[in-house]
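Undergrad:
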Amino acid sequence: NAGVMQNPRHLVRRRGQEARLRCSPMKGHSHVYWYRQLPEEGLKFMVYLQKENIIDESGMPKERFSAEFPKEGPSILRIQQVVRGDSAAYFCASSREGVGEAFFGQGTRLTVV
Amino acid sequence: QQQVKQSPQSLIVQKGGISIINCAYENTAFDYFPWYQQFPGKGPALLIAIRPDVSEKKEGRFTISFNKSAKQFSLHIMDSQPGDSATYFCAATDMDSNYQLIWGAGTKLIIKP
Numbered sequence: 001n002a003g004v005m006q007n008p009r010h011l012v013r014r015r016g017q018e019a020r021l022r023c024s025p026m027k028g029h030s031h032v033y034w035y036r037q038l039p040e041e042g043l044k045f046m047v048y049l050q051k052e053n054i055i056d057e058s059g060m061p062k063e064r065f066s067a068e069f070p071k072e073g074p075s076i077l078r079i080q081q082v083v084r085g086d087s088a089a090y091f092c093a094s095s096r097e098g099v100g101e102a103f104f105g106q107g108t109r110l111t112v113v
Numbered sequence: 114q115q116q117v118k119q120s121p122q123s124l125i126v127q128k129g130g131i132s133i134i135n136c137a138y139e140n141t142a143f144d145y146f147p148w149y150q151q152f153p154g155k156g157p158a159l160l161i162a163i164r165p166d167v168s169e170k171k172e173g174r175f176t177i178s179f180n181k182s183a184k185q186f187s188l189h190i191m192d193s194q195p196g197d198s199a200t201y202f203c204a205a206t207d208m209d210s211n212y213q214l215i216w217g218a219g220t221k222l223i224i225k226p
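Going line by line, the protein sequences match chains R and S.
The working numbering puts the first residue of the first sequence at 1, with every later residue one more than the last.
The working numbering puts the first residue of the second sequence at 114, with every later residue one more than the last.
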């Protein structure tokens, strides 16, 4: 019974490059959430998706950031033209439909150099 | 209306003592209250959760106390151990709205041996 799988665990990108973070939810889970966390800080909500739908993207920066959760395959958080301020841990969580209980992946630590 | 206020921000407890973390909410539609535990470099892990139809839930050394009229809930860790040192997050959601978790800011707990 695999948990939420995120990859890569660590990602280094140069300023201006693109970062793609992947999240495979737990089996049977159709809801995915992405969070950002800076060191010594709490979780900042970014986006909430269901299969093929963005339900709430109120926490996503208007530019350079996008997310998708296709019918098949993992959810993808995409950051275009990364800047140093994008360096953070990005966590994905998943839950079953209609249930608030969410399970987290181990995160992707993005470092922009 | 949507906030969950968590206190204290940090807490130091002697080994064997009781750790108490408090959360308060405003939205009376919230009906599911989980607590998450996060170790450095790891994703948050669901620790224990409660629904408002009960006033207390206990799992091992961890207890949630819930006061519906005061709109407050708390996590108690009995016989605190150094291995409990972590950051703890409370959260809340409205299960009927099929919506995202609303998070507290986190409490960094240190258990002194």
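We put the CB at the ideal spot given by N, CA and C, even for glycine.
Please read these numbers as outputs of a predicted model, since none were measured by experiment.
Between Leu43 of chain R and chain S, is the shortest Cβ-Cβ distance under 8 angstroms, so that the two count as touching?
TA: Interface residue, yes.
Undergrad: Cutting at 8 angstroms between CB atoms, please list the residues of its own chain near Ser95 of chain R, excluding the five before and the five after it.
TA: The answer, listed in chain order, is His29, His31, Tyr33, Glu101, Ala102 and Phe103.
Undergrad: Identify each residue in the stretch 85-109 of chain R for which the Cβ-Cβ distance to at least one residue of chain S is less than 9 angstroms, and report them in chain order.
TA: Within the stretch 85-109 of chain R, the qualifying residues are Ala89, Phe91, Cys92, Ala93, Ser95, Glu97, Gly98, Val99, Gly100, Glu101, Ala102, Phe103, Phe104, Gly105, Gln106, Gly107 and Arg109.
Undergrad: Run through DSSP, which three-state label would Asp207 of chain S get?
TA: Coil at Asp207 of chain S, not helix or strand.
Undergrad: Tell whether a beta-carbon distance below 8 angstroms holds between Gly105 of chain R and Val12 of chain R.
TA: Not a contact, by the Cβ cut-off of 8 angstroms.
Undergrad: Would Gln185 of chain S and Asn140 of chain S be called neighbours here (beta carbons separated by less than 8 angstroms)?
TA: Taking 8 angstroms as the Cβ cut-off, Gln185 of chain S and Asn140 of chain S do not qualify as a contacting pair.
Undergrad: Report buried or exposed for Phe152 of chain S, applying the criterion of at least 16 other Cβ atoms within 10 angstroms of its Cβ.
TA: Classification of Phe152 of chain S: exposed, given that the 10 Å Cβ count is below 16.
Undergrad: Looking at Phe179 of chain S: is its Cβ nearer than 8 angstroms to the Cβ of Glu172 of chain S?
TA: No, they are not a contact pair.
Undergrad: Of all Cβ atoms in chain R, is any one closer than 8 angstroms to the Cβ of Pro121 of chain S?
TA: For Pro121 of chain S, the answer is no, since every Cβ of chain R falls outside 8 angstroms of its Cβ.
Undergrad: What are the complete beta strand (DSSP E) segments, minimum 3 residues, inside the stretch 170-196 of chain S?
TA: Here the runs fully enclosed are 175-180 and 185-190.
Undergrad: To the nearest angstrom, report how far apart Thr108 of chain R and Arg9 of chain R are at their CA atoms.
TA: Going from the Cα of Thr108 of chain R to the Cα of Arg9 of chain R covers about 4 angstroms.
Undergrad: How is Asp86 of chain R classed by DSSP in three states: helix, strand or coil?
TA: Three-state result, Asp86 of chain R: helix.
Undergrad: Quick one: what does DSSP say His29 of chain R is sitting in, helix, strand or coil?
TA: The answer is coil: DSSP assigns His29 of chain R none of H, G, I, E or B.
Undergrad: Quick one: grab the DSSP three-state call for Lys118 of chain S.
TA: Of the three classes helix, strand and coil, the one that applies to Lys118 of chain S here is strand, per DSSP.
Undergrad: Can you list, in chain order, the residues of its chain whose CB lies under 7 angstroms from that of Arg164 of chain S, leaving out five sequence neighbours each side?
TA: Result list for Arg164 of chain S: Asp144 and Tyr145, in chain order.
Undergrad: For the stretch 167-197 of chain S, list every residue whose C-beta sits within 8 angstroms of some C-beta in chain R, in sequence order.
TA: Those residues of the stretch 167-197 of chain S that come within reach of chain R (Cβ to Cβ, closer than 8 angstroms) do not exist; the list is empty.
Undergrad: Using a Cβ-Cβ cut-off of 6 angstroms (strictly less than) and excluding sequence neighbours within five positions of Gly16 of chain R, which residues of its own chain qualify?
TA: Here the set comprises Gln81.
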